[in-house]
Amino acid sequence: MGSEVCTSCGAPFPDGANECPFDGTPVEPAPAYASVDPLLGQQLGEYRVEARLGMGGMGIVYRGSQPVIGKRVAIKVLRPDLAADANQVQRLVEEAKAVNAVRHRGIIDIFGFGQLPDGRHYIVMEELEGEPLDVLLLREGPLPPSTALGFMDEILSALGAAHTRGVIHRDLKPNNLFLVRQPGGSQYLKVLDFGLAKRADKPGGRAKQTSLLVVSGTAEYMAPEQARGDAVGPETDLWAIGVILFEMLTGELPFGGDTPVDVLTNALSKPAPRPSVLAATVPQELEDVVLRLLEKDRTQRPKSAEAVRLELARIGRRLQSASTRATAARQLPLGAGVTRVVSARVKPLAGPTPAREAQLETTDPATPVSPGSGRRVALMVGGAVALLAVGLAVVLGLRSKASEPAASPQVEAKAASAARSGAARVEPAPG
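Anchor point for the sequence shown: position 342 equals 339 in the working numbering, and the numbering is continuous, going up by one each time.
Dropping the structure here:
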């Protein structure tokens, strides 16, 4: 039996898969501790270990619960082969510190830390129901701009909160963005895995990377300065946001390659492609934001996550407004055009002005319109008014016959002639 999740990106392996569907990492033989797990059924602090959920490159994740109140949690425990690795232990500690420094709805909550008798450290987190964003993208492909903008609003809100507390994530990617499914059916995104997070000396500041010889992060989402080993800052995370937004809109990555080195080389040397080349539905103003996020020179990227969030919100409102207008036009009720023509007939405009032409020729969108059709509709309405006048005259005449002497044939002929003459004088509006 192979490992349950990819040891490179942490994505779950589909049944029978020989490699990771996301980065091609081959399925490795499961270590001995993966098949026989002594932690199952054990008590870790106040939580009982109930089941193993998955295993990644750093740790094993279990489901746990508080026996008295039934609170369910997720417990991440360092793998046995990493228990003596001081760097991995420090990474786990830094993850807990970074998350608790931010405390935002869009960031996973960590509320426990401990150490097993065998020396392994663990953290206790909230259990989430749902799926990672990369699983959704693999299944759905490119997302509509409105959906992508909704997700981005939630991600950038959490990221902005982290940056204001000096926390730089350094490993933003769809696999670390979790689409939480709530009992009522609604969903929202949470940012996970702050294991590579760095703390700057001040909010919005930059932090030195641990080592110039070791590049930490995921190549496809790594900013040029991060790949070079330079200091990282909020703009480093914003590059990753640009890659993620590009991927949401197009279903593709802006920079590819056969190996992580190839990917980084392309990201450092080649300009980012325009998203609209891959997805024609991407609006120009949204494309411009993506390309600014993917500027090689980090000083040319947007200044903050909140600034990007506000700009994307404005774009979203404009797209929504345009969509609402288009929907209203498509759903215009039958006869609305005729109603406007009648209004024009009752209050005629002087002269055949272009505005009047447009007003008279407005009809239901579902009905083809030919030049002058508005004037024909006006003629029809004028004729209807004339017929209505004649009918009214007839009714009044019938009522009067009951109380008046019968008219002579000559008088009746004159009345009919006058009625026909009056109807003929009812004409359409000028123009």
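We put the CB at the ideal spot given by N, CA and C, even for glycine.
Taking C-beta to C-beta, are residue i and residue j nearer than 7 Å?
{"i": "H101", "j": "A155", "result": "yes"}
{"i": "G103", "j": "V188", "result": "yes"}
{"i": "E282", "j": "I241", "result": "no"}
{"i": "A194", "j": "H166", "result": "yes"}
{"i": "P180", "j": "A276", "result": "no"}
{"i": "V99", "j": "R162", "result": "yes"}
{"i": "A481", "j": "Y218", "result": "Limits of the chain in this structure are -2 at one end and 428 at the other, which puts residue 481 out of reach."}
{"i": "V96", "j": "F191", "result": "yes"}
{"i": "E126", "j": "R178", "result": "yes"}
{"i": "V305", "j": "L153", "result": "yes"}
{"i": "Q63", "j": "E47", "result": "no"}
{"i": "L316", "j": "V279", "result": "no"}
{"i": "E151", "j": "L186", "result": "yes"}
Roughly how many whole angstroms lie between the Cα atoms of residue i and residue j?
{"i": "V338", "j": "P251", "result": "With a pLDDT of only 39 at V338, under 50, the local geometry of the prediction cannot be trusted, and the value read off the model is given with reservation. Roughly 53 Å between the two C-alpha positions."}
{"i": "G334", "j": "A325", "result": "Only weak support exists for where G334 lies, its pLDDT of 49 falling under 50; the value from the coordinates is given anyway. So the two alpha carbons sit approximately 14 Å from each other."}
{"i": "V70", "j": "P200", "result": "31 Å"}
{"i": "L41", "j": "E284", "result": "49 Å"}
{"i": "V74", "j": "H118", "result": "6 Å"}
{"i": "D227", "j": "P35", "result": "43 Å"}
{"i": "P171", "j": "L235", "result": "14 Å"}
{"i": "P129", "j": "T321", "result": "31 Å"}
{"i": "P272", "j": "Q85", "result": "38 Å"}
{"i": "L176", "j": "Q184", "result": "6 Å"}
{"i": "G78", "j": "D115", "result": "A small fix is needed here, since residue 78 is Asp in this sequence, not Gly. Their backbone Cα atoms lie some 11 Å apart in a straight line."}
{"i": "L89", "j": "A145", "result": "31 Å"}
{"i": "S266", "j": "D255", "result": "16 Å"}
{"i": "M52", "j": "L288", "result": "36 Å"}
{"i": "P268", "j": "L169", "result": "21 Å"}
{"i": "Q297", "j": "R60", "result": "44 Å"}
{"i": "I107", "j": "V164", "result": "16 Å"}
Residue range of the beta strand (DSSP E) that residue i falls in?
{"i": "A48", "result": "Y44 to M52"}
{"i": "F108", "result": "I107 to Q112"}
{"i": "M122", "result": "H118 to E123"}
{"i": "E128", "result": "G127 to P129"}
{"i": "I66", "result": "Looking at the DSSP string, I66 is not in any beta strand (DSSP E), and its letter there is neither H nor E."}
Relative to the C-alpha of residue i, which candidate in the options has its C-alpha closest?
{"i": "T215", "options": "T278, L316 and G253", "result": "G253"}
{"i": "P299", "options": "L134, R178, G230 and D34", "result": "G230"}
{"i": "V286", "options": "R225, E308, P268 and R196", "result": "E308"}
{"i": "R314", "options": "S143, P23, V46 and S62", "result": "S143"}
{"i": "T262", "options": "E232, L169 and A220", "result": "A220"}
{"i": "L134", "options": "K293, E303, F243 and G21", "result": "F243"}
{"i": "E303", "options": "M149, R45, T278 and P23", "result": "M149"}
{"i": "G54", "options": "A80, R45 and V65", "result": "A80"}
For a test of your reading of the model: does the CB of residue i fall under 6 Å from any non-hydrogen atom of the ligand NAP? Yes or no.
{"i": "A145", "result": "Of the ligands one can find in the structure shown there are none, so the ligand NAP has no counterpart to examine."}
Over the uninterrupted alpha helix (DSSP H) stretch that includes residue i, give me the two end residues.
{"i": "A93", "result": "A83 to V99"}
{"i": "A237", "result": "P231 to T247"}
{"i": "E217", "result": "From DSSP, E217 is part of no alpha helix (DSSP H); its letter is neither H nor E."}
| Whole alpha helix (DSSP H) runs in the region 265 to 334 with 4 or more residues, listed along the chain? | 272 to 275, 281 to 290 and 302 to 327
Task: Any beta strand (DSSP E) of 3 or more consecutive residues that is wholly inside the region 134 to 213 - done: 174 to 178 and 184 to 188
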